[in-house]
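The structure appears right after this line, and notes come after that.
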Amino acid sequence: MCRPEHFTVAYRINPWMDPAVPTDTSLAVRQWQTLYDTYRELGHEVQLIDQIVGLPDMVYTANGGFVIGNVAYGAKFTHPQRQPEGPAFMDWFRENGYDVVDPQNVNEGEGDFLLVGPRILAGTGFRSATDSHHEIGELFDREVVSLTLVNPNFYHLDTAISVLDPLTDDAGANIAYLPSAFDADSRATLERLYPDAIIVSEQDGSVLGLNSISDGYNVVIAVRAKGFEQQLRDRGYNPIGVDLSELLLGGGGVKCCTLELRS
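Below, the structure is given as C-alpha coordinates:
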(Lines of atoms letter the chains of each structure in order from A and count residues from 1; the text may use other names and numbers.)
(Lines give C-alpha, C1' and ligand atoms only; values in the text may rest on other atoms or scores of the structure.)
Protein backbone atom coordinates (compact mmCIF):
# COMPACT_ATOMS: atom_id res chain seq x y z
CA MET A 1 0.00 0.00 0.00
CA CYS A 2 1.00 3.64 -0.41
CA ARG A 3 -0.12 6.39 1.95
CA PRO A 4 -1.66 9.15 -0.24
CA GLU A 5 0.31 12.01 1.28
CA HIS A 6 0.43 13.82 -2.06
CA PHE A 7 -2.98 12.79 -3.39
CA THR A 8 -4.76 15.15 -5.74
CA VAL A 9 -6.46 15.07 -9.13
CA ALA A 10 -4.29 17.21 -11.38
CA TYR A 11 -5.11 15.58 -14.74
CA ARG A 12 -7.77 13.42 -16.35
CA ILE A 13 -6.92 9.93 -17.56
CA ASN A 14 -10.21 8.21 -16.68
CA PRO A 15 -13.86 9.34 -16.50
CA TRP A 16 -13.81 9.53 -12.70
CA MET A 17 -11.14 12.24 -12.66
CA ASP A 18 -11.97 15.94 -12.94
CA PRO A 19 -9.25 18.43 -11.99
CA ALA A 20 -11.96 21.10 -11.52
CA VAL A 21 -13.38 19.18 -8.54
CA PRO A 22 -11.47 20.00 -5.33
CA THR A 23 -9.77 17.14 -3.48
CA ASP A 24 -9.01 16.91 0.23
CA THR A 25 -5.66 15.23 0.77
CA SER A 26 -6.10 14.97 4.55
CA LEU A 27 -9.47 13.24 4.08
CA ALA A 28 -7.92 10.86 1.54
CA VAL A 29 -5.22 9.97 4.07
CA ARG A 30 -7.78 9.36 6.83
CA GLN A 31 -9.90 7.13 4.61
CA TRP A 32 -6.82 5.26 3.43
CA GLN A 33 -5.76 4.79 7.06
CA THR A 34 -9.11 3.15 7.82
CA LEU A 35 -8.47 0.66 5.02
CA TYR A 36 -4.95 0.01 6.31
CA ASP A 37 -6.23 -0.48 9.87
CA THR A 38 -8.95 -2.83 8.62
CA TYR A 39 -6.37 -5.09 7.00
CA ARG A 40 -4.24 -5.11 10.15
CA GLU A 41 -7.26 -5.90 12.33
CA LEU A 42 -8.04 -8.85 10.04
CA GLY A 43 -4.51 -10.18 10.65
CA HIS A 44 -2.95 -9.25 7.31
CA GLU A 45 0.61 -7.99 6.99
CA VAL A 46 0.93 -4.73 5.09
CA GLN A 47 4.08 -3.44 3.38
CA LEU A 48 4.35 0.23 2.41
CA ILE A 49 5.92 2.08 -0.49
CA ASP A 50 6.59 5.81 -0.09
CA GLN A 51 4.66 8.09 -2.40
CA ILE A 52 6.81 10.19 -4.70
CA VAL A 53 5.98 13.89 -5.03
CA GLY A 54 4.33 14.50 -8.39
CA LEU A 55 2.93 10.96 -8.65
CA PRO A 56 -0.49 11.28 -6.98
CA ASP A 57 -1.77 7.98 -8.39
CA MET A 58 0.87 5.89 -6.61
CA VAL A 59 -1.78 5.30 -3.93
CA TYR A 60 -3.35 2.89 -6.44
CA THR A 61 -0.66 0.30 -5.83
CA ALA A 62 -2.56 -2.53 -7.51
CA ASN A 63 -1.38 -1.11 -10.82
CA GLY A 64 2.29 -1.38 -9.86
CA GLY A 65 2.86 -5.02 -10.79
CA PHE A 66 1.71 -8.62 -10.47
CA VAL A 67 3.28 -11.05 -8.01
CA ILE A 68 3.19 -14.83 -7.65
CA GLY A 69 5.65 -16.29 -5.18
CA ASN A 70 8.98 -14.49 -5.38
CA VAL A 71 8.50 -13.27 -8.95
CA ALA A 72 7.25 -9.75 -9.62
CA TYR A 73 6.16 -8.82 -13.14
CA GLY A 74 6.55 -5.07 -13.42
CA ALA A 75 4.13 -2.49 -14.77
CA LYS A 76 4.50 -0.39 -17.90
CA PHE A 77 1.87 2.34 -17.77
CA THR A 78 -0.21 3.62 -20.67
CA HIS A 79 -0.39 7.31 -19.76
CA PRO A 80 2.71 9.50 -19.46
CA GLN A 81 1.51 10.89 -16.13
CA ARG A 82 1.87 7.46 -14.51
CA GLN A 83 4.84 6.04 -16.40
CA PRO A 84 7.43 6.95 -13.70
CA GLU A 85 5.54 4.72 -11.28
CA GLY A 86 6.66 1.57 -13.11
CA PRO A 87 10.37 1.88 -12.25
CA ALA A 88 9.53 3.05 -8.72
CA PHE A 89 7.51 -0.08 -8.00
CA MET A 90 10.12 -2.34 -9.61
CA ASP A 91 12.80 -0.74 -7.42
CA TRP A 92 10.69 -1.53 -4.36
CA PHE A 93 10.30 -5.16 -5.44
CA ARG A 94 14.06 -5.52 -5.96
CA GLU A 95 14.87 -3.91 -2.61
CA ASN A 96 12.51 -6.35 -0.92
CA GLY A 97 14.04 -9.48 -2.44
CA TYR A 98 11.77 -10.21 -5.38
CA ASP A 99 12.94 -11.46 -8.75
CA VAL A 100 11.76 -8.63 -10.96
CA VAL A 101 10.82 -9.13 -14.60
CA ASP A 102 10.85 -5.91 -16.62
CA PRO A 103 7.76 -5.92 -18.87
CA GLN A 104 8.10 -5.73 -22.62
CA ASN A 105 4.47 -4.76 -23.17
CA VAL A 106 2.14 -2.12 -21.76
CA ASN A 107 0.34 -3.43 -18.69
CA GLU A 108 -1.00 -2.00 -15.47
CA GLY A 109 -0.36 -4.83 -13.05
CA GLU A 110 -3.17 -6.16 -10.92
CA GLY A 111 -5.42 -3.52 -12.36
CA ASP A 112 -5.77 -5.85 -15.34
CA PHE A 113 -4.43 -9.19 -14.04
CA LEU A 114 -6.45 -11.16 -11.51
CA LEU A 115 -5.41 -14.57 -10.18
CA VAL A 116 -8.49 -16.76 -9.80
CA GLY A 117 -7.64 -20.27 -8.72
CA PRO A 118 -5.15 -21.70 -11.25
CA ARG A 119 -5.81 -19.17 -14.01
CA ILE A 120 -5.09 -15.51 -14.64
CA LEU A 121 -7.92 -13.33 -15.88
CA ALA A 122 -6.44 -10.56 -18.02
CA GLY A 123 -8.14 -7.35 -19.06
CA THR A 124 -7.67 -5.27 -22.18
CA GLY A 125 -9.55 -2.55 -24.01
CA PHE A 126 -8.36 0.60 -22.25
CA ARG A 127 -5.01 0.09 -20.56
CA SER A 128 -3.11 -3.21 -20.79
CA ALA A 129 -2.06 -4.49 -24.22
CA THR A 130 -3.13 -7.96 -25.30
CA ASP A 131 0.53 -8.86 -25.90
CA SER A 132 1.10 -8.51 -22.16
CA HIS A 133 -1.36 -11.39 -21.66
CA HIS A 134 0.92 -13.71 -23.64
CA GLU A 135 3.94 -12.38 -21.79
CA ILE A 136 2.53 -13.03 -18.33
CA GLY A 137 1.21 -16.47 -19.31
CA GLU A 138 4.66 -17.60 -20.44
CA LEU A 139 6.31 -16.09 -17.37
CA PHE A 140 4.12 -17.85 -14.82
CA ASP A 141 3.22 -20.89 -16.96
CA ARG A 142 -0.49 -20.40 -16.29
CA GLU A 143 -3.64 -20.30 -18.35
CA VAL A 144 -4.50 -16.71 -19.20
CA VAL A 145 -8.05 -15.77 -20.17
CA SER A 146 -8.31 -12.48 -22.05
CA LEU A 147 -11.36 -10.32 -21.37
CA THR A 148 -12.26 -7.11 -23.21
CA LEU A 149 -13.61 -4.12 -21.30
CA VAL A 150 -15.93 -1.79 -23.22
CA ASN A 151 -17.16 0.77 -20.67
CA PRO A 152 -14.57 3.50 -19.94
CA ASN A 153 -15.87 3.84 -16.38
CA PHE A 154 -14.50 0.34 -15.83
CA TYR A 155 -11.12 0.86 -17.45
CA HIS A 156 -9.30 -1.78 -15.39
CA LEU A 157 -10.39 -5.38 -14.87
CA ASP A 158 -10.35 -4.98 -11.09
CA THR A 159 -13.13 -2.41 -11.34
CA ALA A 160 -15.46 -4.97 -12.95
CA ILE A 161 -14.47 -8.27 -11.30
CA SER A 162 -13.99 -9.18 -7.66
CA VAL A 163 -11.99 -12.32 -6.80
CA LEU A 164 -13.89 -13.92 -3.92
CA ASP A 165 -11.70 -16.97 -3.26
CA PRO A 166 -8.09 -15.84 -3.72
CA LEU A 167 -6.44 -18.41 -1.47
CA THR A 168 -7.42 -21.55 -3.33
CA ASP A 169 -5.61 -22.87 -6.39
CA ASP A 170 -8.48 -25.01 -7.65
CA ALA A 171 -10.90 -24.27 -10.46
CA GLY A 172 -13.74 -23.78 -7.97
CA ALA A 173 -12.54 -20.30 -7.01
CA ASN A 174 -15.42 -17.90 -7.58
CA ILE A 175 -15.85 -14.29 -8.63
CA ALA A 176 -18.38 -11.48 -8.74
CA TYR A 177 -18.65 -9.29 -11.82
CA LEU A 178 -20.57 -6.63 -13.74
CA PRO A 179 -21.63 -8.05 -17.12
CA SER A 180 -22.13 -4.70 -18.85
CA ALA A 181 -18.45 -3.83 -18.44
CA PHE A 182 -17.51 -6.52 -21.00
CA ASP A 183 -18.05 -7.28 -24.66
CA ALA A 184 -20.31 -10.16 -25.68
CA ASP A 185 -17.54 -12.72 -26.13
CA SER A 186 -16.08 -11.93 -22.72
CA ARG A 187 -19.48 -12.17 -21.06
CA ALA A 188 -19.95 -15.62 -22.61
CA THR A 189 -16.54 -16.68 -21.34
CA LEU A 190 -17.31 -15.54 -17.81
CA GLU A 191 -20.68 -17.29 -17.86
CA ARG A 192 -18.99 -20.51 -18.95
CA LEU A 193 -16.10 -20.39 -16.48
CA TYR A 194 -18.03 -19.05 -13.48
CA PRO A 195 -21.64 -20.25 -13.61
CA ASP A 196 -22.06 -19.58 -9.88
CA ALA A 197 -20.60 -16.07 -9.95
CA ILE A 198 -22.32 -13.20 -8.15
CA ILE A 199 -23.79 -10.82 -10.72
CA VAL A 200 -23.52 -7.31 -9.33
CA SER A 201 -25.99 -4.52 -10.09
CA GLU A 202 -25.23 -1.42 -12.11
CA GLN A 203 -25.82 0.64 -8.97
CA ASP A 204 -23.15 -1.21 -6.98
CA GLY A 205 -20.80 -1.22 -9.94
CA SER A 206 -21.16 2.54 -10.25
CA VAL A 207 -19.52 3.08 -6.84
CA LEU A 208 -16.70 0.61 -7.71
CA GLY A 209 -18.24 -1.93 -5.37
CA LEU A 210 -16.42 -4.71 -7.22
CA ASN A 211 -13.06 -3.08 -6.57
CA SER A 212 -12.64 -5.17 -3.45
CA ILE A 213 -10.28 -7.44 -1.54
CA SER A 214 -11.19 -10.87 -0.19
CA ASP A 215 -9.31 -13.37 1.96
CA GLY A 216 -11.86 -16.06 1.17
CA TYR A 217 -14.21 -15.04 3.98
CA ASN A 218 -13.79 -11.37 4.79
CA VAL A 219 -14.45 -9.16 1.76
CA VAL A 220 -13.54 -5.48 2.07
CA ILE A 221 -15.80 -3.46 -0.24
CA ALA A 222 -17.06 0.06 -0.87
CA VAL A 223 -19.40 0.98 1.97
CA ARG A 224 -22.03 2.24 -0.49
CA ALA A 225 -22.29 -1.10 -2.34
CA LYS A 226 -25.25 -2.26 -0.24
CA GLY A 227 -26.67 -4.74 -2.71
CA PHE A 228 -23.31 -6.44 -3.17
CA GLU A 229 -22.92 -6.50 0.61
CA GLN A 230 -26.16 -8.48 0.96
CA GLN A 231 -25.24 -10.80 -1.92
CA LEU A 232 -21.95 -11.61 -0.17
CA ARG A 233 -23.72 -12.32 3.12
CA ASP A 234 -26.15 -14.60 1.34
CA ARG A 235 -23.19 -16.60 -0.03
CA GLY A 236 -21.53 -16.96 3.40
CA TYR A 237 -18.90 -14.23 3.09
CA ASN A 238 -18.34 -11.46 5.63
CA PRO A 239 -18.47 -8.10 3.83
CA ILE A 240 -16.76 -5.12 5.47
CA GLY A 241 -17.62 -1.70 4.11
CA VAL A 242 -14.97 1.02 3.92
CA ASP A 243 -15.49 4.59 2.72
CA LEU A 244 -12.89 5.60 0.12
CA SER A 245 -15.05 8.29 -1.49
CA GLU A 246 -12.19 10.79 -1.70
CA LEU A 247 -9.91 8.32 -3.48
CA LEU A 248 -12.81 7.48 -5.80
CA LEU A 249 -12.30 10.98 -7.25
CA GLY A 250 -9.14 9.55 -8.82
CA GLY A 251 -10.95 6.47 -10.09
CA GLY A 252 -9.86 3.99 -7.42
CA GLY A 253 -11.28 1.95 -4.58
CA VAL A 254 -10.29 -0.78 -2.15
CA LYS A 255 -8.55 -3.08 -4.63
CA CYS A 256 -6.86 -0.23 -6.47
CA CYS A 257 -5.18 0.72 -3.19
CA THR A 258 -3.94 -2.83 -2.59
CA LEU A 259 -1.28 -4.86 -4.39
CA GLU A 260 -1.38 -8.48 -3.26
CA LEU A 261 1.93 -10.13 -2.36
CA ARG A 262 1.35 -13.86 -2.66
CA SER A 263 3.61 -16.44 -1.02
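Going by numbering that gives the first Met the number 0, the sequence shown opens with residue 0, and the numbers climb by one from there. Note that beta-carbon positions come from the ideal geometry of N, C-alpha and C, so glycine has one too. All figures in this text were calculated on a predicted structure; none of them were measured in a lab.
Which value, in whole angstroms, describes the spacing of the CA atoms of residue i and residue j?
i    : j    : result
V104 : I67  : Going by the sequence as given, residue 104 is Asn instead of Val. Going from the Cα of N104 to the Cα of I67 covers about 19 Å.
E40  : E228 : 20 Å
A224 : A27  : 19 Å
G108 : I48  : 16 Å
V20  : P238 : 30 Å
L163 : L114 : 11 Å
F153 : E201 : 11 Å
I135 : G249 : 27 Å
V222 : G208 : 8 Å
L258 : Q80  : 20 Å
Y193 : S211 : 18 Å
E264 : Q50  : The question about residue 264 has no answer, for the chain in this structure spans 0 to 262.
P55  : R141 : 33 Å
F57  : Q30  : Sequence check: residue 57 is Met here, not Phe. Going from the Cα of M57 to the Cα of Q30 covers about 16 Å.
For residue i, name the three-state secondary structure that DSSP assigns.
i    : result
K254 : coil
G63  : helix
S145 : strand
Y72  : strand
P55  : helix
P238 : strand
L41  : coil
V28  : helix
D98  : strand
I135 : helix
Return the bridge partner residues of residue i from the DSSP annotation.
i    : result
S161 : A175
G122 : L146
F181 : L148
I198 : Y176
A221 : V241
V115 : R118
N106 : K75
S213 : V218
What do you get for residue i, buried or exposed, if any count of 16 or more other CB atoms within 10 angstroms of its CB means buried?
i    : result
T60  : buried
D203 : buried
P3   : buried
Y236 : buried
Residue i: beta carbon under 7 Å from a heavy atom of the ligand HEM?
i    : result
R118 : You won't find the ligand HEM in this model; it holds no ligand whatsoever.
Worksheet item: Does the region 142-151 come close enough to the region 110-125 that 3 or more CB-CB pairs lie under 8 Å?
Response: yes
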